[in-house]
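*Asks:* Quick one: this structure, given as structure tokens, is what I'll be asking you about.
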Amino acid sequence: MRILTFIEDLSWIDIFEYFHSALEGVEFSAFTLDKNIAVEVSKHYDKVFLYDSAFNVYGIQSALRKILNGDKFDVVLAPSSNKGRMFAGIYTGLTKCSIVTDVIGIEREGKSFIVNRLVYGGTAIATIHVSSPFSLCIVKGGYKEKPKNRFGEIIKIDVEPDSGVEFRPREVTGNDPTSSDIVVVAGRGIKKKEDMAMIEELAGITGGAWSVTRPLAADYRWADQWIGISGLIISPKVYIAFGVSGQPHHMMGARASKYVIAVNKDPEAPIFEEADLGIVGDLYKILPRLLDRLKKG
Amino acid sequence: MRVLVPIKLSYDINQMKYDERTGEPILDAVPRVMGDMDRCALEAALQLKESLGVVVEFISIGSRRTHNKLMMDAYAMGCDKGYLIEAEDTNTLDAYTVSSIIGKFVEKYGPYDIIIMGATSQDTHSSVVPPALSALLGYRAAFGVDKVTVEGDVFILEATYEDGIYRYRLTPPFIISVTTEANTPRIPKLKDILKARRMKYEVLPVNDLISKDEVRKINVTSIKKYVTPRRREIIEVDSEEDVDKAVYRIIELLKEAEIL
Ligand SMILES: Cc1cc2nc3c(=O)[nH]c(=O)nc-3n(C[C@H](O)[C@H](O)[C@H](O)COP(=O)(O)OP(=O)(O)OC[C@H]3O[C@@H](n4cnc5c(N)ncnc54)[C@H](O)[C@@H]3O)c2cc1C
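Chains as they are written, first to last, in the working numbering: chain Z, 699 to 995; chain B, 87 to 346.
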């Protein structure tokens, strides 16, 4: 198996290594948009294609066309993130291969593979048979493997980025839900923007990060990212939610958490179905008391 | 200018039902609807119709039996012309096949200046048909767009990804996909709904566009309800003491998880 991976950030090296083994890969190539990532990745891959540019669809189309002129791959792996899906989608359009997104597991069966993916907003798992060539977009989960040492060459791909693309990076705030052990999440049960201070305070005291459901980010603009299928997929030790109902599109981003704690005043809220600890009550009573206790030590 | 909006009939996943015993979905009991993002794609196109006078056409893949209401919904919103590519069991078509059907349609019935799609479908949420289609057609593109503005003949398209905001300046032809942040879809008035019922859409057999061997299905062997193994300890808080008890349990769990 010749495998091409799309490396968005370094956390994916260990995850893809797991899939490299599961797929019984023999030749490993990576594609990245970042010089520094390319250097790190080259230590564990045979070949690294570096397209040194801000993400842009047209540029990636051209870069992939160029790569496919000389190289062929049996499998493409990408994160199930916005960019990962776009990368794998473009690859699929160029090569006609099949594609499965939201992948949470893989097993060999004879000459083909059995892939598990989340469907219906993460409420179900579909088991799908695929044979190469195919692309997979993977959901961050428990699978990891220590990457083997390889000595890859970095191959620069020179193609013009789409002339009209401009990139404004997210402000670095130190609040990173994707790499924290605990993520405190606010839903619409939080009534005013000022009350977000309690959520941020809890994240601060526990050394974690905070985030929100989509309505708080997209409609109220209280945050610029959210947890869920169309936002961030997280896998912390603890996900603790205040006033989150637990709709499938949101929970799909939180399912990989080790423990789920939910505070919601509605006993029928779906989030209780998937909580390790569910508190049925008013968050405005519970959250201040929790902060109080933690501050007293 | 001609704008094409491909739309999909999706299962309403907020109303999913599963067989208690087998864990299998009971899809016949789940309503099928136009996805929210597809509605936003139509709205984005209709706003261009109002501001620039574009012609808005739409296409779906399915059967008359299942898709008639979807087609009427798109007409009721104000679209000019609809096409239904006739095929059965469309929810098992693989993403490449869907893109190639739309791609062939564009080649045969186009040219279209702009193609607008929903960023992701309600039920399979793969988000890969728009990028695959862009690669097939070799179009410039922007996906997951949550803001569309027009400046002269340049379209400014803003999309937010994990690492920040991307702003594209594109001139047609191009393809975009939009999120629910892009706009608020109009709700058709009763008279538009009644008018839509008299509108006809063109029905084209799928094999006019791609041959039988090119129709690839996803090889699904099973679908089962996903139950995350959780402890489901529930504490009901009625009194002040209950608040303390709840807080105590949260702290205990945080200790168990080695957060504290
Ligand atoms: C295609 C698509 C993609 C989507 N992607 C995402 C996504 O990625 N992420 C996402 O989050 N959403 C997403 N959504 C939206 C999602 O379906 C839900 O609408 C959203 O997650 C609901 O957010 P919420 O739980 O904050 O609000 P609500 O559903 O309104 O829930 C608020 C909860 O707060 C509780 N509450 C109110 N007051 C209190 C109080 N004082 N104390 C305790 N509890 C209280 C209520 O009982 C209620 O359960 C998507 C939707 C679609 C259609």
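We put the CB at the ideal spot given by N, CA and C, even for glycine.
Here the structure is a predicted model, which is why all the values come from computation and not from measurement.
1) Nearest to B/S212 by alpha carbon, out of Z/G803, Z/V817, Z/Y937?
2) Of all the residues that make up the segment 854-887 of chain Z, which are near chain B by a beta-carbon distance shorter than 9 Å?
3) In whole angstroms, give me the CA-to-CA distance for Z/A973 and Z/D874.
4) Given 7 Å as the limit, tell me if Z/W920 has its C-beta closer than that to any heavy atom belonging to ligand 1.
5) Where DSSP assigns a beta bridge to B/M157, which residues make up the other side?
6) Tell me whether B/Q101 counts as near ligand 1, meaning its Cβ is closer than 7 Å to at least one heavy atom of that ligand.
7) Jot down the residue ranges of each uninterrupted alpha helix (DSSP H) in the segment 95-150 of chain B, minimum 4 residues, whole runs only, in chain order.
8) Per DSSP, what kind of secondary structure is Z/E964 in: helix, strand or coil?
9) Rounding to the nearest angstrom, what Cα-Cα distance links Z/S877 and B/G224 in this structure?
10) If contact means a Cβ-Cβ distance below 7 Å, which residues of the segment 974-989 of chain Z contact chain B?
11) Please report the straight-line C-alpha distance between B/I171 and B/D294, rounded to a whole angstrom.
12) What is the residue span of the beta strand (DSSP E) that B/T187 lies within?
13) Can you give me the C-alpha to C-alpha distance between B/D391 and B/I320, rounded to a whole angstrom?
14) For B/D278, which option in B/T108, B/V91, B/G164 has the closest C-alpha, if you only look at C-alpha atoms?
15) Pick out whichever of Z/Q759, Z/N780, Z/L992 has its Cα sitting closest to the Cα of B/A221.
16) Tell me, please, whether the segment 117-127 of chain B touches the segment 179-188 of chain B by the rule of three or more beta-carbon pairs shorter than 8 Å.
17) Quick check on the DSSP output: the alpha helix (DSSP H) that includes Z/V942 runs from which residue to which?
18) Quick one: what's got a C-beta closer than 6 Å to Z/W908's C-beta in the same chain, skipping five residues either side?
19) For the segment 805-825 of chain Z, which residues have a beta carbon sitting closer than 8 Å to at least one beta carbon of chain B?
20) Between the Cα of B/F260 and the Cα atoms of Z/H948, Z/E864, Z/G941, Z/D860, which residue gives the shortest distance?
21) Between B/P117 and chain Z, is the shortest Cβ-Cβ distance under 8 Å, so that the two count as touching?
22) Assuming B/V214 and Z/R783 form a contact by the criterion Cβ under 8 Å, report the distance between their Cβ atoms to the nearest whole angstrom.
23) Assuming Z/P867 is part of the beta strand (DSSP E), what are its boundary residues?
24) Applying a beta-carbon distance threshold of less than 7 Å, which residues of chain Z neighbour B/E267?
25) Taking Z/R700 and Z/D800 to be in contact with their CB atoms under 8 Å, please state how far apart those CB atoms are, rounded to whole angstroms.
26) Between B/D180 and the rest of its own chain, which residues show a CB-CB distance below 7 Å, the 5 nearest in sequence each way excluded?
27) Taking 8 Å as the CB-CB cut-off, is B/Y198 touching chain Z?
28) Within its chain, find whatever has a CB closer than 7 Å to the CB of B/Q101; leave out the 5 residues flanking it on each side and keep chain order.
29) Quick check: is any heavy atom of ligand 1 less than 7 Å from the C-beta of B/L128?
30) Using a Cβ-Cβ cutoff of less than 7 Å, which residues in the same chain neighbour Z/S810 once the five nearest sequence positions on both sides are dropped?
31) Could you have a look at Z/H948 and say whether DSSP puts it in helix, strand or coil?
32) So B/T210 contacts chain Z; which residues on that side make the cut at Cβ distance below 7 Å?
33) By the 10 Å Cβ neighbour count, where 16 or more other Cβ atoms means buried, how is Z/S740 classified, buried or exposed?
34) Rounded to whole angstroms, what is the Cα-Cα separation between B/I201 and B/Q208?
35) List the residues of chain B whose Cβ lies closer than 8 Å to the Cβ of Z/K935, in chain order.
36) Around the C-beta of B/R107, are 16 or more other C-beta atoms found within 10 angstroms, so that it is buried, or is it exposed?
*Replies:* Walking through what the data contain:
1) Z/V817
2) D860, S861, G862, V863, E864, F865, R866, P867, R868, E869, T876, D879, I880
3) 23 Å
4) no
5) B/M157 is bridged by DSSP to nothing; it lacks a bridge partner.
6) False, no ligand heavy atom lies under 7 Å from that Cβ.
7) 122-138
8) According to the sequence provided, residue 964 of chain Z is Asp. The question's Glu does not apply to it. The answer is coil: DSSP assigns Z/D964 none of H, G, I, E or B.
9) 36 Å
10) D974, L975, G976, I977, V978, G979, K983, I984, R987, L988
11) 9 Å
12) What sits at residue 187 of chain B in the sequence shown is Ile, not Thr. Careful: B/I187 lies outside any beta strand (DSSP E), inside the alpha helix (DSSP H) at 181-195.
13) The structure shown does not extend to residue 391 of chain B, since chain B is modelled only from 87 through 346, so no value can be given for it.
14) B/G164
15) Z/Q759
16) Segment contact: the segment 117-127 of chain B against the segment 179-188 of chain B, fewer than three CB-CB distances shorter than 8 Å; contact not assigned.
17) No alpha helix (DSSP H) holds Z/V942; DSSP gives it neither H nor E.
18) Listed in chain order, the non-local C-beta contacts of Z/W908 below 6 Å within the same chain comprise V882, I897, E898, A901, local neighbours out to five positions each way being set aside.
19) I812, L816, V817, Y818, G819, G820, T821, A822, I823, A824, T825
20) Nearest of Z/H948, Z/E864, Z/G941, Z/D860 to B/F260, Cα basis: Z/D860.
21) Output row for B/P117: interface = no.
22) 6 Å
23) Annotation for Z/P867: the continuous beta strand (DSSP E) segment containing it runs 863-867.
24) A916
25) Between Z/D800 and Z/R700 the Cβ distance is about 24 Å, and since that is not below 8 Å, they are no contact.
26) Sequence-distant partners of B/D180 (beyond 5 residues in either direction) whose C-beta falls short of 7 Å from its own C-beta, in its chain, are R302, K303, I304.
27) no
28) V116, P117
29) B/L128: no, Cβ never under 7 Å from ligand 1.
30) H827, V828, S829
31) helix
32) By Cβ distance, chain Z contributes V817.
33) buried
34) 19 Å
35) A343, E344, I345
36) Exposed, by the Cβ-count rule.
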